[in-house]
Amino acid sequence: MAQQIATQMRNASDTIQSATNKSIKKAKRTTLSVNSQAQETNQQMFDLTKQFSTPFNKRSIAFIR
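The opening residue of the sequence shown carries number -16 in the numbering used here; numbering runs sequentially from there.
The structure is reproduced here in structure tokens:
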């Protein structure tokens, strides 16, 4: 059971890592206000995802195994 949980956590960690490594493209044709708000929201989500992924680091997963 622990092996299965560790595998699922590793898969989640890999997915989160992959998502945070992708670049965010800026819109070219929006108002400055909308583009700025979108960039700020994207950055907040990026930061939140990074914080969430910290408990799922490889060392923690290896410890479960």
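Using N, Cα and C, we set each Cβ at its ideal position, and we do this for glycine too.
TODO: May I have the straight-line CA-CA distance separating residue 32 from residue 19, to the nearest angstrom?
DONE: 20 Å
- [ ] Compute the Euclidean distance between the alpha carbons of residue 14 and residue 6, then round it to the nearest angstrom.
- [x] 21 Å
- [ ] Report the rounded CA-to-CA distance for residue 26 versus residue -14, giving the unit in angstroms.
- [x] 34 Å
Task: Three-state class that DSSP yields for residue 6 in the structure shown - done: coil
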